[in-house]
Amino acid sequence: MTAIRRLRPRIRVLVAAAVILVFVAPIYLMIVNAFKAQPDILRSPASLPIPPTIDNLSTALGRPDNLIQLGLRNSLITVVCSVVLLIPLAAAFSFYLSRRRTRARALVLTALAAGLMVPPQVILLPTIKILTWVGLDHSYPGLILSNLGSGYLSFAVFVYVGFMRSVPEEVIQAARLDGAGGVRIWWQIVMPLVRPATATVAIFSSLWIWNDFLNPLFILGPLQGQTITTGLYLTIGQYSVDYGQLFGIMFLAAIVPVLGYLAVQKQFIAGLTAGSTK
Amino acid sequence: MTRTSRARRRGGVRRENRGLFAIAAVAFGLYVCFLVLPLLLSLRSSFTNENPLRATSSFVGLDNYREAVGDTQLRASLVFTLILAVGVTVAANAVGVLFAMMLNRTTLSYRVMRTVAFLPQVLSGVIVGFVWQTILTQDGLLNHVLQRLGLIDEPFAWLGSPNAALFSIGVVVAWILTGFTTVVYLAALQNIPLELHDMAALDGVNRRQRFTRVIWPMIAPGTTISVTISLITVLKLYDVIAVLTGGGPANSTQSTALYIVQLAFTSDRFGYASSVAMVLLLLSAVIALSVTNVLRRREVNL
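Chains as they are written, first to last, in my numbering: chain U, 5 to 282; chain W, 33 to 334.
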């Protein structure tokens with residue numbers, strides 16, 4: 005009886021591990037099969053790659069169209085530019101809002117909340133039209149601009165406003181008495197205080213912009229150099245029978261977001277949790 | 033807030049706040065240009081016969097909406113989208129609650145499992161779609177394994193018939209969303225005061241009662257968020273379905289989101305695509321608002 009009781013937590017861990025393993029089996033398959041040759045994949049898809057081969061990865065990196073290298077570069081440019089501009093814009097907007105009278109604030113926040121509900125397909129066509137008017141269609145600046153104005157801004161403002169409201173009014177008044185202007189107070193006093201919000205916004209908007217599909221596909225157009233996500237979609241179909249190549253390419257495409265997630269997973273989950281319980 | 037600061041604020045933007053106002057105005061301007069204005073333009077296009085192949089477009093009144101009412105393909109896409117949304121929401125939330133209860137422990141092994149369980153959420157829909165395609169296609173890995181085990185004689189087309197494809201897409205999308213629902217429910221579970229569990233234990237409740245009487249009511253706010261976001265996510269889902277089936281076989285898995293893009297970019301019917309987009313927007317808004325409302329009221333009553 006006591007032996008069983010002592011064993012119970014271990015059995016529980018094992019059961020949980022088995023359930024999670026089955027759950028993430030597709031990701032496991034992607035990883036192990038990236039290091040196996042085609043015949044081995046078909047013979048035993050679930051086995052470990054012993055000995056591992058890096059042929060799939062080197063073939064993927066040696067493609068004449070540089071799918072992986074160009075895709076990763078383009079994605080990186082898009083994400084970094086979008087997020088680096090989004091954070092100050094959203095933060096300043098939120099700080100300004102959080103110091104306004106409640107009715108004006110509620111009105112603007114409602115308008116922004118509506119933005120979170122709009123499916124991207126609904127605004128895709130007119131967005132391309134607007135970018136054409138200003139001469140930025142089929143360009144990265146155009147894609148970045150549309151990222152800044154769409155749902156990401158709504159999300160970022162929501163995260164920031166919650167944090168900004170908790171900055172005590174006295175701190176701001178004190179800085180004002182010392183002669184600091186609005187921009188200085190915001191940048192030098194408020195921003196350091198809301199660092200957790202900045203982390204949340206940076207992590208989630210990076211991930212979403214990196215994984216975005218519809219906007220890069222149609223705003224950039226097929227000839228303009230793709231992000232890794234759309235590049236995969238446009239070129240990978242031809243490999244549907246060559247599993248080795250398929251898994252090799254996908255492994256390389258997935259590695260940046262996965263490593264990024266593992267590096268910041270604590271803040272990642274904290275951010276999600278804060279957002280869901282507020 | 034003191035009375036003087038409020039009075040001072042009334043007279044428009046003060047000089048030392050101008051820089052801040054300028055940045056805030058740029059942010060709001062971008063929101064207007066790339067969300068509000070596109071929404072209004074889309075609404076206007078929905079009353080025209082706009083087509084990129086023609087130079088001019090004219091107003092056709094409610095013709096597009098009249099066509100939408102009789103459009104069997106639109107109706108099929110709405111039915112598909114709704115079934116998928118409801119099925120996925122139920123599955124992802126049920127498994128999310130189970131996972132959250134299973135992983136609600138702080139030892140290292142459980143923290144590692146939590147990190148791993150959340151991985152599908154990090155990958156793009158395109159990668160997830162291709163990985164699952166290698167598993168689900170006729171000569172895919174799942175059929176290989178099932179045949180080797182002697183469970184099936186002929187390879188089964190998991191994406192090949194309308195019902196099987198609906199089911200397969202549902203499993204894949206639920207798989208993606210479960211990482212999110214799990215985290216939300218974990219957070220909700222951690223908000224339950226420990227005394228409540230102790231009190232339940234003192235009252236001698238069994239496991240089932242502890243779930244139905246203590247845990248389930250206490251995680252109601254988590255349920256509201258998790259269900260609403262699951263529904264909205266499926267309603268606008270594009271990439272996973274585009275990769276897995278492209279809307280086939282025979283348009284049976286064409287969601288409304290896919291139909292809009294097809295109308296706009298393959299059939300060049302901008303005007304009609306816009307009116308279908310308005311239908312999807314209205315549907316999303318009605319579903320999101322009413323579900324949130326119902327679930328909020330439930331939070332109070334429980």
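A virtual CB, placed ideally from N, CA and C, is assigned to each residue, including glycine.
Terminal residues of the alpha helix (DSSP H) in which residue i lies
| i | result |
| --- | --- |
| threonine 121 of chain W | 104-135 |
| glutamate 227 of chain W | 226-234 |
| arginine 77 of chain U | 71-102 |
| glutamate 173 of chain U | 173-181 |
| proline 130 of chain U | 124-137 |
| serine 77 of chain W | 69-77 |
| serine 48 of chain U | Per DSSP, serine 48 of chain U belongs to no alpha helix (DSSP H) and is neither H nor E. |
| tyrosine 144 of chain U | 144-153 |
| valine 158 of chain W | 157-168 |
| threonine 234 of chain U | 232-239 |
| asparagine 175 of chain W | 173-180 |
| valine 198 of chain U | It is not in any alpha helix (DSSP H) - valine 198 of chain U carries neither H nor E in the DSSP assignment. |
| tryptophan 190 of chain W | Segment: none, tryptophan 190 of chain W is in no alpha helix (DSSP H) and carries neither H nor E. |
| alanine 317 of chain W | 302-333 |
Chain W contact for residue i (CB, 8 Å cutoff)
| i | result |
| --- | --- |
| serine 150 of chain U | yes |
| glutamate 174 of chain U | no |
| aspartate 215 of chain U | It should be pointed out that residue 215 of chain U corresponds to asparagine in this sequence rather than to aspartate. Chain W contact via Cβ: present. |
| valine 87 of chain U | no |
| threonine 277 of chain U | yes |
| alanine 117 of chain U | no |
| phenylalanine 222 of chain U | yes |
| tyrosine 164 of chain U | no |
| threonine 281 of chain U | A caution first: threonine 281 of chain U carries a pLDDT of 49, below 50, which makes its placement in the model unreliable, though a value can still be read off. Chain W contact via Cβ: present. |
| alanine 168 of chain U | At residue 168 of chain U the sequence reads methionine, which differs from the alanine that was named. Chain W, which has no Cβ nearer than 8 Å to the Cβ of methionine 168 of chain U, makes this no. |
| valine 268 of chain U | no |
| serine 51 of chain U | no |
| leucine 236 of chain U | yes |
| threonine 57 of chain U | no |
Close beta carbons around residue i, own chain, < 7 Å, minus the five adjacent residues each side
| i | result |
| --- | --- |
| valine 355 of chain W | Residue 355 of chain W lies beyond the residue range present for chain W, which begins at 33 and ends at 334; the question has no answer from this structure. |
| tyrosine 265 of chain U | Phe272 |
| serine 90 of chain W | Thr80 and Asn81 |
| tyrosine 304 of chain W | Asn96, Glu99 and Leu295 |
Within-8 Å CB hit, residue i to chain U
| i | result |
| --- | --- |
| serine 262 of chain W | no |
| aspartate 271 of chain W | yes |
| serine 78 of chain W | no |
| serine 89 of chain W | no |
| isoleucine 292 of chain W | yes |
| valine 332 of chain W | no |
| alanine 39 of chain W | Only weak support exists for where alanine 39 of chain W lies, its pLDDT of 43 falling under 50; the value from the coordinates is given anyway. Closer than 8 Å: no. |
| valine 266 of chain W | no |
| leucine 73 of chain W | yes |
| serine 141 of chain W | yes |
| serine 316 of chain W | yes |
| valine 215 of chain W | yes |
Chain-order list of residues whose beta-carbon lies under 8 Å from that of residue i (same chain, five-residue window excluded)
| i | result |
| --- | --- |
| leucine 25 of chain U | Tyr32 |
| leucine 65 of chain U | Ile72, Gln73 and Leu256 |
| phenylalanine 217 of chain U | Thr233, Thr234 and Tyr237 |
| alanine 196 of chain W | Phe188, Ala189 and Trp190 |
| isoleucine 247 of chain W | Met133, Leu221 and Ile224 |
| valine 148 of chain W | none |
| isoleucine 127 of chain U | Ser154 |
| glycine 93 of chain W | Phe79 |
Among the options, nearest to residue i - alpha-carbon criterion
| i | options | result |
| --- | --- | --- |
| arginine 107 of chain W | W:Leu321, W:Asn283 and W:Thr255 | W:Asn283 |
| asparagine 151 of chain U | U:Ser98, U:Val171, U:Pro172 and U:Pro124 | U:Pro124 |
| leucine 157 of chain U | W:Gly211, W:Val58 and W:Asn333 | W:Val58 |
| isoleucine 223 of chain U | U:Val161, U:Ile132, U:Phe217 and U:Pro196 | U:Ile132 |
| serine 109 of chain W | W:Leu295, W:Arg301, W:Leu321 and W:Leu290 | W:Leu290 |
| isoleucine 253 of chain U | U:Arg180, U:Asp59 and U:Ser48 | U:Asp59 |
| isoleucine 264 of chain W | W:Val215, W:Pro249, W:Phe302 and W:Ala320 | W:Ala320 |
CB contact check: residue i to chain C, cutoff 8 Å
| i | result |
| --- | --- |
| threonine 147 of chain W | No chain C appears in the structure shown, which is made up of the protein chains U and W. |
Close Cβ partners of residue i (< 6 Å) along its chain, the five nearest in sequence each way excluded
| i | result |
| --- | --- |
| leucine 76 of chain U | Ile232 |
| threonine 113 of chain W | Ser287 and Thr288 |
| leucine 221 of chain U | Thr234 |
The region 46-66 of chain W: positions lying closer than 9 Å to chain U by Cβ: Listed by position along the chain: Arg46, Arg47, Glu48, Asn49, Arg50, Gly51, Leu52, Phe53, Ala54, Ile55, Ala56, Ala57, Val58, Ala59, Phe60, Gly61, Leu62, Tyr63, Val64, Cys65 and Phe66.
Listed in chain order, which residues of the region 156-175 of chain W have Cβ atoms closer than 7 Å to some Cβ of chain U? Legend: CB atoms of the region 156-175 of chain W lying less than 7 Å from CB atoms of chain U belong to residues Ser156, Gly157, Val158, Ile159, Phe162, Val163, Trp164, Thr166, Ile167 and Leu173.
Could you run through the region 176-196 of chain W and flag, in chain order, every residue whose CB is less than 8 Å away from some CB of chain U? Within the region 176-196 of chain W, the qualifying residues are His176 and Val177.
Name the residues in the region 14-41 of chain U whose C-beta lies less than 9 Å from a C-beta of chain W; which are they? Result list: Arg16, Val17, Val19, Ala20, Ala21, Val23, Ile24, Leu25, Phe27, Val28, Ala29, Pro30, Ile31, Leu33, Met34 and Asn37.
Using a Cβ cut-off of 7 Å, which residues of the region 187-205 of chain U contact any Cβ in chain W, in chain order? Under the 7 Å Cβ criterion, the region 187-205 of chain U contributes Val187 and Trp190.
Would you list, in chain order, the members of the region 119-135 of chain U that have their beta-carbon closer than 7 Å to a beta-carbon of chain W? Residues of the region 119-135 of chain U that bring their beta carbon within less than 7 Å of a beta carbon in chain W comprise Gly119, Met121, Val122, Pro123, Pro124, Gln125, Val126, Ile127, Leu129, Pro130, Thr131, Lys133 and Ile134, in sequence order.
Within 9 Å of chain U by C-beta, residues of the region 115-135 of chain W in sequence order: Those would be Val127, Leu130, Phe131, Met134 and Leu135, in chain order.
Using a beta-carbon distance cut-off of less than 8 Å, what residues from the region 235-250 of chain W approach chain U? Residues of the region 235-250 of chain W with a C-beta atom less than 8 Å from some C-beta of chain U do not occur.
Quick one: which residues of the region 218-234 of chain W get their C-beta closer than 9 Å to a C-beta of chain U? List them in chain order. Contact annotation: in the region 218-234 of chain W, residues whose CB is within less than 9 Å of a CB in chain U are Leu218, Ala219, Ala220, Gln222 and Asn223.
Using a Cβ-Cβ cutoff of 8 Å, what residues of the region 296-308 of chain W are near chain U? List them in chain order. Result list: Ala296, Phe297, Phe302, Ala305 and Ser306.
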